[in-house]
Amino acid sequence: MSYAPKDKPSASITDKVNDEGILTLTINGRLDSYTTAKIWQNATLAIGHSSPKKIIVDASGINYCDGSGIALFVKLRQFQERTGGEFEVRNFASEFQKLLDLFPPGEFKEPEVEKPKAASLPEEVGQATVGFWQDVSAHIIFIGEAGIAVVRAVFNPWQIRWKDVFLTAEKIGVNALSIIAVINFLIGLVLAYQSAIPLQKYGGQLFIADLLVLSIFRELGPLMTAVMVAGRTSSAFAAELGTMKVNEEIDALTTMGLDPVRFLVVPRVIAAIFMIPILTVFGDLFGLIGGGVVMLSLGFPPVTYVNEMTSAATYIDLLVGLFKSVFFAVIIAGIGCFEGLRTKTGAAAVGDSATSAVVSSIILVIVLDGIFGVVFYYVGI
2 MSYAPKDKPS
12 ASITDKVNDE
22 GILTLTINGR
32 LDSYTTAKIW
42 QNATLAIGHS
52 SPKKIIVDAS
62 GINYCDGSGI
72 ALFVKLRQFQ
82 ERTGGEFEVR
92 NFASEFQKLL
102 DLFPPGEFKE
112 PEVEKPKAAS
122 LPEEVGQATV
132 GFWQDVSAHI
142 IFIGEAGIAV
152 VRAVFNPWQI
162 RWKDVFLTAE
172 KIGVNALSII
182 AVINFLIGLV
192 LAYQSAIPLQ
202 KYGGQLFIAD
212 LLVLSIFREL
222 GPLMTAVMVA
232 GRTSSAFAAE
242 LGTMKVNEEI
252 DALTTMGLDP
262 VRFLVVPRVI
272 AAIFMIPILT
282 VFGDLFGLIG
292 GGVVMLSLGF
302 PPVTYVNEMT
312 SAATYIDLLV
322 GLFKSVFFAV
332 IIAGIGCFEG
342 LRTKTGAAAV
352 GDSATSAVVS
362 SIILVIVLDG
372 IFGVVFYYVG
382 I
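What the sequence shown shows, in my numbering, is residues 2 to 382, in sequence order.
Encoded structure:
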């Protein structure tokens with residue numbers, strides 16, 4: 002249905018192509034919002050059929066032209082510029098030509114975008130190294146900030162949100178005890194069976210107990226517990242705080258004058274510091290129980306297994322593992338909160354933060370464990 006008045010003049014267009022590939026479009030009548038659409042369609046069809054090197058528009062028959070007609074000329078000119086052709090308007094009335102001159106060709110040129118040069122292998126390695134170091138530095142700075150906040154909270158215990166500490170401790174400790182027990186039990190079981198084969202050649206299967214108690218107390222107990230808690234708790238912290246960041250709850254806390262680190266991070270770090278060493282103790286216990294099952298299957302009585310362990314290990318070995326677990330707790334909780342607080346916007350942002358929290362915390366836990374191993378060796382512990 003057309004809303005044009007019945008007595009409104011129409012417009013027409015004729016096209017002609019010569020042997021030199023020049024397309025001449027002769028337009029007559031009135032170019033306005035009612036008639037230009039049909040002219041535009043016919044002009045586009047004519048250009049598509051002939052693919053001209055040059056377009057000449059004979060505008061001598063145009064008795065009226067508004068913005069819609071000028072848009073037609075601008076579009077035809079742009080098309081020719083893109084294809085490398087020429088465009089010319091002839092015999093255009095002076096008042097209409099002035100309107101066309103208000104739209105010079107330069108204003109409609111698309112800016113040239115330089116294609117980025119492919120980086121060489123050394124550049125890619127350098128960029129990746131710098132990005133990795135910046136990411137590690139940001140994690141270390143935030144962990145240090147969280148550690149300082151925890152120390153301040155210890156000297157001001159009335160500022161700690163103890164309700165959140167106890168709720169977080171339940172999630173970290175009680176709810177994770179089953180998986181920690183199962184994993185460490187299986188680790189002790191597998192380690193005992195794997196060491197029984199080579200020790201059998203030398204008649205030293207009794208020393209499986211020595212190997213188990215030292216490796217579990219000093220290394221496997223705290224490390225496996227930290228890895229499991231990192232996968233379970235660090236991702237949960239990142240997802241929880243990330244959701245708050247996406248919902249702008251973190252910004253609301255800042256607006257109200259509440260420090261997100263003291264309000265959200267400190268209770269989680271304190272809960273992790275309390276619970277991860279306790280989980281490590283249970284992990285050590287179940288790891289030794291797993292090894293005890295193997296010793297029983299090899300014919301050793303429980304009292305022999307216990308006596309051999311007590312003679313091989315001391316309280317220092319147990320305390321070394323617990324000492325490391327405290328630092329593992331700060332890393333796990335700190336990185337989980339850090340990744341949550343820097344969550345970006347978008348549907349996948351929370352999932353990316355949780356993934357990054359797990360990967361980063363496990364890597365830093367293993368790196369710190371290696372540093373402790375070197376330090377304890379030179380100290381003689």
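For glycine and all other residues, C-beta sits at the position ideal for the given N, C-alpha and C.
Remember, it's a predicted structure, so these values are computed and weren't measured experimentally.
Helix, strand or coil: which one does DSSP assign to Y4? Numbered from 1 along the sequence shown, position 3 holds the residue referred to as residue 4. With a pLDDT of only 37 at Y4, under the threshold of 50, the placement of this residue in the model should not be trusted; the figure read from the coordinates follows. In the three-state reduction of the DSSP assignment, Y4 falls in the coil class, being assigned neither a helical nor a strand state.
Can you name, in chain order, every residue of its own chain whose Cβ lies under 7 Å from the Cβ of L215, other than the five neighbours on each side? One-based indexing of the sequence shown puts residue 215 at position 214. When the five nearest sequence neighbours on each side are left out, the beta carbons in the same chain lying within less than 7 Å of the beta carbon of L215 are those of A313, A314 and D318, in order along the chain.
Rounding to the nearest angstrom, what Cα-Cα distance links I57 and I23 in this structure? If you number the sequence shown from 1, residue 57 lands on position 56. If you number the sequence shown from 1, residue 23 lands on position 22. Answer to the nearest angstrom: the Cα atoms are 7 Å apart.
Helix, strand or coil: which one does DSSP assign to R162? Position 161 of the sequence shown, counted from the first residue, corresponds to residue 162. Correct three-state label for R162: coil.
Please report how far the alpha carbon of V321 lies from the alpha carbon of G374, in whole angstroms. As a working note, residue 321 is residue 320 in the sequence shown. As a working note, residue 374 is residue 373 in the sequence shown. In a straight line, the C-alpha of V321 is about 10 Å away from that of G374.
Would you please state the rounded distance, in angstroms, between the beta carbons of L178 and L323? I believe it to be under 8 Å. What you label residue 178 is simply residue 177 of the sequence shown in a count that begins at 1. What you label residue 323 is simply residue 322 of the sequence shown in a count that begins at 1. Not a contact, Cβ separation roughly 17 Å.
Just to confirm my understanding: we take A392, look at its own chain, exclude 5 residues before and 5 after, and list those with CB closer than 6 Å. What are they? Only positions 2 to 382 of the chain appear in the structure, and residue 392 is not among them; the question remains open.
I'd like to check one pair, G243 with G341: are the Cβ atoms closer than 9 Å? Position 340 of the sequence shown, counting from 1, holds the residue named residue 341. Position 242 of the sequence shown, counting from 1, holds the residue named residue 243. Contact: yes.
On a Cα-Cα basis, can you pick out the residue from E220, P278 and K345 that is closest to F377? For the purposes of this step, residue 377 is identified with residue 376 of the sequence shown, where counting begins at 1. Comparing Cα positions, the closest option is E220.
Pop quiz: F275 and A170 are said to be a contact at Cβ under 8 Å. What is the actual Cβ separation, rounded to whole angstroms? For the purposes of this step, residue 275 is taken as the residue at position 274 of the sequence shown. For the purposes of this step, residue 170 is taken as the residue at position 169 of the sequence shown. Indeed they touch by this definition, with Cβ atoms about 6 Å apart.
Buried or exposed: which applies to G222, given that a residue is buried once 16 or more other Cβ atoms fall within 10 Å of its Cβ? Counted from its first residue, the sequence shown places residue 222 at position 221. When all chains shown are included, G222 counts as buried.
Under 8 Å by Cβ, that's how I've got M229 and I188 pegged, so tell me the actual separation to the nearest angstrom. Residue mapping note: residue 229 aligns to position 228 of the sequence shown, counting from 1. Residue mapping note: residue 188 aligns to position 187 of the sequence shown, counting from 1. No, M229 and I188 are not in contact; Cβ-Cβ is about 10 Å, not under 8 Å.
Could you tell me whether the Cβ atoms of L259 and C338 are closer together than 9 Å? The residue given as residue 259 occupies position 258 in the sequence shown. The residue given as residue 338 occupies position 337 in the sequence shown. Not in contact: L259 and C338 (Cβ atoms no closer than 9 Å).
Do A150 and V247 come within 9 Å of each other at the CB atom, strictly closer than that value? On the sequence shown, position 246 is the one that residue 247 refers to. On the sequence shown, position 149 is the one that residue 150 refers to. Contact flag unset, no.
Taking the alpha-carbon positions, what's the G145 to D353 distance? Sequence index remark: in the sequence shown, residue 145 carries index 144 (1-based). Sequence index remark: in the sequence shown, residue 353 carries index 352 (1-based). Spanning the two alpha carbons is a distance of roughly 23 Å.
Of the residues R78, L289, S361 and E241, which one's Cα is nearest the Cα of F186? Mapped onto the sequence shown, residue 186 falls at position 185. Per the C-alpha coordinates, the member of R78, L289, S361 and E241 positioned closest to F186 is L289.
Cut-off 7 Å between Cβ atoms - residues of its own chain near F104, not counting five sequence neighbours on either side: On the sequence shown, position 103 is the one that residue 104 refers to. I71 and V75, listed in sequence order.
7 Å CB neighbourhood of A12 in its chain, flanking five on each side removed: Residue mapping note: residue 12 aligns to position 11 of the sequence shown, counting from 1. Here the set comprises I28, N29, G30, R31, L32, T36 and I40.
Tell me which residues share the same chain as F53 and place their Cβ nearer than 7 Å to its Cβ, disregarding the 5 neighbours each side in the sequence. By 1-based counting over the sequence shown, the position of residue 53 is 52. Note that residue 53 corresponds to Pro in the displayed sequence, not to Phe. Excluding positions up to five away in sequence, the list reads V18, G22, I23, L24 and G86.
Status (buried if at least 16 other CB within 10 Å, exposed otherwise) for E309: Here the question's residue 309 lines up with position 308 in the sequence shown. Counting Cβ neighbours within 10 Å, E309 comes out buried, since at least 16 surround it.
Which full runs of the alpha helix (DSSP H) of 4+ residues lie inside the segment 157 to 239, going along the chain? Listed in chain order, the complete alpha helix (DSSP H) runs (minimum 4 residues) inside the segment 157 to 239 are 163 to 173, 178 to 201, 209 to 216 and 222 to 230.
Rounded to whole angstroms, how far is the Cβ of V282 from the Cβ of I161, which I believe are closer than 8 Å? Counting from one through the sequence shown, the residue named residue 282 turns up at place 281. Counting from one through the sequence shown, the residue named residue 161 turns up at place 160. Not a contact, Cβ separation roughly 24 Å.
Own chain partners of M245 with C-beta closer than 6 Å, once the 5 adjacent residues on each side are dropped: On the sequence shown, position 244 is the one that residue 245 refers to. Within its own chain, the residues whose Cβ lies closer than 6 Å to the Cβ of M245, once the five positions on either side in sequence are excluded, are I251, listed in chain order.
Just how far apart, CA to CA, sit V155 and R263? As a working note, residue 155 is residue 154 in the sequence shown. As a working note, residue 263 is residue 262 in the sequence shown. Looking at the two C-alpha atoms, the distance is approximately 12 Å.
On a CA-only basis, which of R343, T356 and V327 is nearest L369? Give me that one, please. For the purposes of this step, residue 369 is taken as residue 368 along the sequence shown, with counting starting at 1. Of the candidates R343, T356 and V327, the one whose C-alpha sits nearest the C-alpha of L369 is V327.
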